[in-house]
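A.B. asks: Sending over a structure as structure tokens; questions will come in a sec.
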Amino acid sequence: MNEQLSFLPAAECCPLLPPSGSRTEQCLNYLLEHGDITQLDWLREGKGWRLASNIKELDYLGWEPKSDLVKCEGFPHPIARYSLPEKAKRAAQLLMAGGEHVDP
Numbered sequence: 006m007n008e009q010l011s012f013l014p015a016a017e018c019c020p021l022l023p024p025s026g027s028r029t030e031q032c033l034n035y036l037l038e039h040g041d042i043t044q045l046d047w048l049r050e051g052k053g054w055r056l057a058s059n060i061k062e063l064d065y066l067g068w069e070p071k072s073d074l075v076k077c078e079g080f081p082h083p084i085a086r087y088s089l090p091e092k093a094k095r096a097a098q099l100l101m102a103g104g105e106h107v108d109p
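According to my numbering, the sequence shown holds residues 6 to 109 in order.
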């Protein structure tokens, strides 16, 4: 947050769940279960080449995914490793338990 807006409280994390049965839902479930994911993981799961589009969809839905570049053996360039911030994980627990969208 920039200095001028530092007096405002931090924004709540109020994500929406992706459509049931969608690849985006599968991606969210994988992130919640395993903590992070790369395109290589997505391919091993047999989900195809569209991981980045599912991550972007999670971003549009308010999940605020993070990405870090990591070096993988056998690849000349780093690849993205995606994860969710802690506040998104807490929001997921509340959503899946039927709770309200409140960031503790």
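Each residue gets a CB set at the ideal place from its N, CA and C atoms; glycine is no exception.
So what's R95 in DSSP terms, helix, strand or just coil?
C.D. replies: In the sequence shown, the residue the question calls residue 95 occupies position 90. R95 falls in the helix class under three-state DSSP.
A.B. asks: How many Å lie between Q44 and E69 at the Cα?
C.D. replies: Counting from one through the sequence shown, the residue named residue 44 turns up at place 39. Counting from one through the sequence shown, the residue named residue 69 turns up at place 64. Rounded to whole angstroms, Q44 to E69 spans 18 Å at the Cα level.
A.B. asks: Which residue's Cα is closest to the Cα of I112: E62, L89 and R95?
C.D. replies: Lying outside 6 to 109, the shown extent of the chain, residue 112 is not represented and no answer is given.
A.B. asks: Under the assumption that R55 contacts R28 (Cβ atoms under 8 Å), give the Cβ distance between them as a whole number of angstroms.
C.D. replies: The count along the sequence shown starts at 1 and reaches residue 55 at position 50. The count along the sequence shown starts at 1 and reaches residue 28 at position 23. Right, the Cβ-Cβ distance comes to about 7 Å (below 8 Å), so this counts as a contact.
A.B. asks: Quick check on L48: does DSSP put it in helix, strand or coil?
C.D. replies: Position 43 of the sequence shown, counting from 1, holds the residue named residue 48. Of the three classes helix, strand and coil, the one that applies to L48 here is helix, per DSSP.
A.B. asks: How about L37 and K94: are their beta carbons less than 8 Å apart?
C.D. replies: Residue numbering aside, residue 37 sits at position 32 when the sequence shown is read from its first letter. Residue numbering aside, residue 94 sits at position 89 when the sequence shown is read from its first letter. Yes; because the gap between Cβ atoms is below 8 Å, this pair is in contact.
A.B. asks: Kindly indicate which three-state DSSP category S11 falls into: helix, strand or coil?
C.D. replies: In the sequence shown, residue 11 corresponds to position 6, counting from 1. Reduced to three states, the DSSP call for S11 is coil.
A.B. asks: Quick one: Cα of L150 to Cα of G103, how far?
C.D. replies: Any question about residue 150 goes unanswered here, given that the chain covers just 6 to 109.
A.B. asks: Which first and last residues belong to the beta strand (DSSP E) in which K71 is found?
C.D. replies: Along the sequence shown, read from residue 1 onward, the residue named residue 71 stands at position 66. Where K71 is concerned, the enclosing beta strand (DSSP E) stretches over K71 to V75.
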